[in-house]
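Novice:
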Amino acid sequence: MAFGENEFKRNESIAELNISVSEYQQKLSMVLNYSFLFMFIALLLTANTALITVKTGFFAILLTNPPIYLALAVADIIIVTVCGALIRKNNLIPSAILFTLYSVINGIIFSSILVIYTGESIVSIFFVTAVVFAVMAIFGYTTKTDLTRYSRLFFIGLISVIIVSLVNMLLFKSSLLDVGISIFAVILFLGIIAYDMQKIKLLCVSQTGLSVYTLGLYGAIEFYLDFINLFLRLLRLFGKRR
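Just so we're on the same page, the numbering used here is the position in the sequence shown counted from 1, plus 847.
1. Our contact map puts S1029 next to L1084 with C-beta atoms below 8 angstroms; I'd like the distance itself, whole angstroms only.
2. Taking the continuous alpha helix (DSSP H) assigned at G1066, which residues delimit it?
3. Out of T896, D993 and K936, point me to the one whose CA is closest to I955's CA.
4. What whole-angstrom Cβ distance do V978 and F906 have, given they're in contact under 8 angstroms?
5. How long is the line joining the alpha carbons of Y871 and G1056, rounded to whole angstroms?
6. Which whole runs of the alpha helix (DSSP H) in the region 976-1013 are 4 residues long or more, in chain order?
7. Helix, strand or coil for S867 per DSSP?
8. What's the C-alpha gap between K1046 and T995?
9. Given a cut-off of 8 angstroms on the beta-carbon distance, is the pair L1037 and M983 in contact?
10. Quick one: what does DSSP say R1089 is sitting in, helix, strand or coil?
11. Going by DSSP, what residues sit across from Y964 in a beta bridge?
12. Could you pull out every unbroken alpha helix (DSSP H) segment of at least 4 residues lying fully inside the region 890-965, listed in chain order?
13. Determine the closest residue to L1081 out of I1040, F1019, I972 and F986, with distance taken between C-alpha atoms.
14. Along the chain, where does the alpha helix (DSSP H) that runs through Y1045 open and close?
15. Quick check: the Cα distance between T947 and L933, rounded to an integer number of angstroms?
16. Determine contact between the region 1061-1068 and the region 933-944, defined as no fewer than three beta-carbon pairs at a distance below 8 angstroms.
17. Measuring straight from C-alpha to C-alpha, what distance separates D1043 and R1089?
18. Just the C-alpha distance for L884 and S1012, rounded to the nearest angstrom, thanks.
19. Apart from the five residues on each side of it in sequence, which residues of its chain come closer than 6 angstroms, Cβ to Cβ, to G966?
20. By how many angstroms is the C-alpha of V878 removed from the C-alpha of I985?
Now the structure itself:
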């Protein structure tokens, strides 16, 4: 989910939009605070939903009923797409509700990791992910390099990971290829985290019609997706199975 490239430009200055530097910094600070707050809440929802799914036995139902799992995956895609459209229209409450639902569904879908990997492994890799995420977010915030020029490369890389992962899962079922995909995906998401941070900074200038809450929610969704994907790939590479 992303704004189009024409909706924010690197060379769009604060002065051109009649926003003072102090106003911009205050707005950016609020947006990032809300982004990380909403992201944290979403991660808590996902984690708790995963625990409930396993403890209540619903995970066993998913294993024996693949159509339910597929329906949840399709619903996941539809929800995040609609949520993005609502955010562009500054519809905060419906977007927040959908993001909450999206976080819960992800918890159900990803509940399998609690069965596959040890608890210690999950916790340790979660904290590693948090540290790496923070480092790349800080880099994206402070770097003078224009990361938006790489947006197409990030998009192509993301689509490539999805397609190759599906092909490997359905046809090749190669553990070696899966390791290669995961390594590439980790490197890719390191760049995307920094890119998304820079994008949020730019949107605080260009998207003056959106409230700080809406921009914060948008940032939360982007960061949530980055964190989850990085965590899952690191878990595949370094997680200890039961």
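Where a beta carbon is used, it is the ideal one built from N, C-alpha and C, also for glycine.
Specialist: The structure says:
1. 5 angstroms
2. V1059 to F1085
3. T896
4. At roughly 29 angstroms, the Cβ-Cβ gap does not stay under 8 angstroms, so V978 and F906 are not in contact.
5. 14 angstroms
6. none
7. coil
8. 7 angstroms
9. yes
10. coil
11. R1088
12. 905-911, 913-935, 939-956 and 959-963
13. I972
14. Looking at the sequence provided, one finds Gln at residue 1045 rather than Tyr. Residues S1022 to S1053.
15. 14 angstroms
16. yes
17. 35 angstroms
18. 31 angstroms
19. none
20. 15 angstroms
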